[in-house]
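Taking it in order: structure first as structure tokens, then the write-up.
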Amino acid sequence: MKLPKKLRCFGRNYTVVSDDHMTARQQCYGVFFHDEETIYLQKRDSGFSEQKESATFLHEIMHLCDENLRIGLKEKQVELLSVGLYQIIVDNKLDFKDEVKK
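Written out as structure tokens, the structure is:
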């Protein structure tokens with residue numbers, strides 16, 4: 000998946016950044032900062048595959064939704080929901096674009 004540089008959600012523009020320094024400092028693959036309107040993801044390399052990057056991006060989007068909708072999910076709930084949703088998308092090769100075929 001090609002990650003967007005910007006993500007529009009809930010009337011706000013979030014920046015998506017690949018940053019090993021920030022993720023290492025937070026000791027994680029990705030982190031979402033609501034006040035900064037930024038999602039940081041580890042840079043992709045041999046240890047951080049495209050699949051792991053996509054799953055992590057979805058995980059951080061779940062945090063974004065949780066924060067904006069004030070659901071109050073715990074980290075384990077975010078983890079399980081994002082893993083389950085990612086697996087459904089991958090297993091079913093879901094593509095949400097409705098492109099006109101020529």
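Using numbering that gives the first Met the number 0, read the sequence shown as starting at 0 and increasing by one per residue.
Every residue gets a Cβ at the ideal spot worked out from N, C-alpha and C, and that includes glycine.
Which same chain residues end up closer than 8 Å to residue 36 when comparing Cβ atoms and leaving out the 5 residues on each side of it in sequence? Cβ neighbours of residue 36 beyond the five flanking positions: 11, 12, 13, 14.
Sequence-distant residues of the same chain with beta carbon closer than 6 Å to residue 85, five excluded per side: For residue 85, where only same-chain residues beyond five positions count, the Cβ hits under 6 Å are 54, 57.
Does the separation of the CB atoms of residue 63 and residue 8 fall below 7 Å? yes
Where does residue 8 sit, in a helix, a strand or coil, going by DSSP? If DSSP states are grouped into helix, strand and coil, residue 8 belongs with the strands.
Under the DSSP definition of a beta bridge, which residues are partnered with residue 87? DSSP, once it has assigned bridges, lists no residue as partnering residue 87.
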